[in-house]
Each structure stands twice: as structure tokens, then as C-alpha cells.
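Asks: One structure, pasted below without further comment.
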Amino acid sequence: MAYIEMKNSSKRYQTGDTEIIANKDVSFEIEKGELVIILGASGAGKSTVLNILGGMDTNDEGQVFIDGIDIAQFNSHQRTNYRRDDVGFVFQFYNLVPNLTAKENVELASEIVADALNPEQVLIEVGLGNRMNNFPAQLSGGEQQRVAIARAVAKNPKILLCDEPTGALDYQTGKQVLKILQEMSHAKGATVIIVTHNASLAPIADRVIHMHDAGVKEIRLNPSPQDIDTLEY
Ligand SMILES: Nc1ncnc2c1ncn2[C@@H]1O[C@H](COP(=O)(O)OP(=O)(O)OP(=O)(O)O)[C@@H](O)[C@H]1O
Ligand SMILES: [Mg+2]
Numbered sequence: 001m002a003y004i005e006m007k008n009s010s011k012r013y014q015t016g017d018t019e020i021i022a023n024k025d026v027s028f029e030i031e032k033g034e035l036v037i038i039l040g041a042s043g044a045g046k047s048t049v050l051n052i053l054g055g056m057d058t059n060d061e062g063q064v065f066i067d068g069i070d071i072a073q074f075n076s077h078q079r080t081n082y083r084r085d086d087v088g089f090v091f092q093f094y095n096l097v098p099n100l101t102a103k104e105n106v107e108l109a110s111e112i113v114a115d116a117l118n119p120e121q122v123l124i125e126v127g128l129g130n131r132m133n134n135f136p137a138q139l140s141g142g143e144q145q146r147v148a149i150a151r152a153v154a155k156n157p158k159i160l161l162c163d164e165p166t167g168a169l170d171y172q173t174g175k176q177v178l179k180i181l182q183e184m185s186h187a188k189g190a191t192v193i194i195v196t197h198n199a200s201l202a203p204i205a206d207r208v209i210h211m212h213d214a215g216v217k218e219i220r221l222n223p224s225p226q227d228i229d230t231l232e233y
């Protein structure tokens with residue numbers, strides 16, 4: 001069995017008397033240590049998949065195996081533990097706590113799990129060794145996003161989920177952030193899932209899951225993913 005398996009997962013949202021089908025019979029597998037890109041247009045259902053994988057939302061039908069356990073069967077208490085212990089999240093707009101320093105923001109996450117990594121060490125790895133005591137407002141967008149990545153990584157999560165992590169960044173800064181995420185996977189063996197609508201990022205991933213209209217349209221494996229340094233997009 002693959003490390004992550006979503007099987008025939010469906011999700012509907014009810015707003016008033018209209019029902020929106022956000023995910024329809026979504027199935028895919030992800031192996032441990034892969035860098036995966038979930039690609040698709042706005043409204044295709046990408047964030048819904050990510051939120052279900054991360055235990056932030058629940059599906060209506062289907063199975064979601066993470067490391068052999070079907071998290072779709074979890075009660076809310078189990079889901080809370082799963083989110084806290086096993087999942088790292090990176091969002092488009094960083095979501096740092098403004099009145100805590102970079103280091104304190106990372107400590108906030110590492111303190112809630114048992115087998116956390118050293119916050120200073122992780123900040124050094126994302127290139128912020130000399131900015132640990134700065135507040136978010138004193139950092140550029142790319143630096144803030146690197147703090148957010150450090151915060152997610154410090155929990156030593158089973159999966160690192162990133163929803164449009166470069167959406168608010170300029171081209172060069174976005175590349176730096178993607179490089180860190182690619183290294184997390186290829187050098188450190190982390191399982192990293194990135195949601196984006198930018199199809200030109202596809203060559204950097206080990207696996208590309210293309211979504212369209214609430215479903216999976218195509219899954220492609222890259223036997224030799226391109227190094228982000230050499231990608232022009
Ligand atoms: N909480 C919600 N309540 C109602 N409808 C929702 C909710 N979340 C998502 N949807 C709907 O489900 C569909 C899929 O949304 P989703 O956020 O997964 O798309 P997406 O691929 O991430 O899009 P984007 O690229 O714009 O972020 C959309 O039609 C959206 O409006
Ligand atoms: Mg989205």
C-alpha cells in the first residue's frame with residue numbers, strides 16, 4: 001500500500017438549497033518522500049483535497065489512508081491529534097503570529113509535538129539563521145514564508161501540505177521557496193504536497209495530479225524531476 005492513498009473520495013458543500021460538488025470520486029496514491037504538485041484551475045477542488053488530507057475538513061464518501069490508517073474514519077478528537085502531530089501546513093499568506101519573533105513562531109509549533117526538530121536548526125536550514133529574533137513585519141514576504149515553512153517542518157510532520165505557497169511572492173522569491181520545498185523532499189525525505197494553478201511548475205515534481213471539475217483528470221510521474229534552479233516559468 002502506498003504511503004498516502006485517497007480512494008473514491010467525494011465532498012459536497014451545501015449552501016442554502018444549492019449543492020456544490022467540490023470533489024467527485026477522487027483517487028490517487030503518493031509515495032513517502034515524494035514532491036507532489038496538485039494542479040488545476042480555480043474551483044477545481046485542489047484546496048478541498050488538501051484540507052481533507054490534512055484533517056482540516058472531512059469527506060462525505062471514500063477512504064483517505066495516511067501511513068496505513070484511514071483518517072476518514074477518525075472522530076474529531078482523533079482528527080485534532082492527527083492535525084497536531086502529523087501534519088505541517090504552509091498557506092499563501094504565511095499566517096505568522098505578528099507579535100512573536102521568527103524563532104518564537106517556530107517554537108509555537110515545535111512545543112506542541114513530542115518529536116519536534118530544533119527550531120533554531122530548522123530556521124538555519126531555510127536560510128534565516130541571522131533573522132531569528134526579527135518580527136514578521138521586519139521580514140520580506142519570502143522570508144516570512146520561509147519562517148512559515150520552518151514552522152511546519154519543525155513539527156517533523158508525516159506530510160507537509162502547501163496551498164499556493166508562492167502565490168503572494170515575486171518570481172525569484174517564489175523560486176527560493178520552491179527550492180526549499182524541493183530540498184525538503186529530495187534531501188530530507190519529507191513528503192511534500194504543493195497546490196498550485198501554475199502548470200509550468202509541473203516539471204519539478206515527482207508526481208503531478210491534475211484536477212479538473214472536482215475530479216482527477218490525469219496523474220503523471222516524472223522519473224527525473226527538474227531542479228528548480230534550472231526551471232524558467
Ligand atoms: N466551505 C465551503 N463552502 C461552500 N463551498 C465551498 C467551500 N469550500 C470550497 N467550496 C467550493 O468547492 C469548489 C472547490 O473549491 P476549492 O477551494 O477546493 O478549489 P481550488 O481548486 O482550491 O480553487 P482555487 O485555485 O481558487 O483556490 C468551489 O466551487 C468552491 O466554491
Ligand atoms: Mg484553493
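So in my numbering, spot 180 of the sequence shown is number 180, and the numbers just go up one at a time. Idealized CB from N, CA, C, for every residue including glycine.
Let me know the secondary structure DSSP gives arginine 84 once reduced to three states.
Replies: DSSP places arginine 84 in helix when its eight states are reduced to three.
Asks: Can you tell me where the alpha helix (DSSP H) with glycine 141 in it begins and where it stops?
Replies: It spans 141-154 - the alpha helix (DSSP H) in which glycine 141 sits, taken as one unbroken run.
Asks: Please identify the residue among Ala102, Arg84, Ser9 and Phe74 whose C-alpha is closest to the C-alpha of glycine 142.
Replies: The candidate whose alpha carbon is nearest that of glycine 142 is Ala102.
Asks: Taking a contact to mean a Cβ-Cβ separation below 8 Å, would you say lysine 155 touches alanine 214 in this structure?
Replies: Their beta carbons are not under 8 Å apart, which means lysine 155 does not touch alanine 214 by this criterion.
Asks: Does the Cβ of lysine 11 lie closer than 7 Å to at least one heavy atom of ligand 2?
Replies: No; taking the cut-off as 7 Å, the Cβ of lysine 11 has no heavy atom of ligand 2 nearer than that.
Asks: Could you give the first and the last residue of the continuous beta strand (DSSP E) run that contains asparagine 51?
Replies: That residue, asparagine 51, is in no beta strand (DSSP E); its alpha helix (DSSP H) goes 46-53.
Asks: Excluding sequence positions up to five away, which residues of its chain have a Cβ less than 6 Å from the Cβ of lysine 11?
Replies: Taken in chain order, the residues that qualify are Ala22, Asn23, Thr48, Asn59 and Asp60.
Asks: Could you please go through the chain and list the residues whose beta-carbon is closer than 6 Å to any non-hydrogen atom of ligand 1?
Replies: Those residues are Tyr13, Thr15, Ile20, Ala22, Gly40, Ser42, Gly43, Ala44, Gly45, Lys46, Ser47, Thr48 and His197, given in chain order.
Asks: At the level of alpha carbons, what is the spacing between threonine 80 and valine 87?
Replies: If you take the alpha carbons of threonine 80 and valine 87, they lie about 10 Å apart.
Asks: Mind checking whether alanine 150 and valine 126 have CB atoms under 8 Å apart?
Replies: Cβ distance < 8 Å, so alanine 150 and valine 126 count as in contact.
Asks: Please state whether DSSP places tyrosine 171 in a helix, a strand or coil.
Replies: Three-state result, tyrosine 171: helix.
Asks: Comparing C-alpha positions only, which one of Cys162, Thr196 and Arg84 sits nearest to alanine 109?
Replies: Residue Arg84 is the option with its Cα nearest to alanine 109.
Asks: Mind checking which residues open and close the beta strand (DSSP E) that includes phenylalanine 92?
Replies: The displayed chain sequence assigns glutamine, not phenylalanine, to residue 92. Taken as a continuous stretch (DSSP letters only), glutamine 92 belongs to no beta strand (DSSP E), as it is neither H nor E.
Asks: Kindly indicate which three-state DSSP category alanine 137 falls into: helix, strand or coil?
Replies: Note: alanine 137 maps to helix in three-state DSSP.
Asks: Within the 8 Å Cβ cut-off, does isoleucine 159 reach chain B?
Replies: Looking at the structure shown, chain B is missing, and only one protein chain is on hand.
Asks: State the DSSP-derived secondary structure class of valine 106, mapped to helix, strand or coil.
Replies: Valine 106 falls in the helix class under three-state DSSP.
Asks: Return yes when at least one heavy atom of ligand 2 lies under 7 Å from the C-beta of aspartate 229, else no.
Replies: False, no ligand heavy atom lies under 7 Å from that Cβ.
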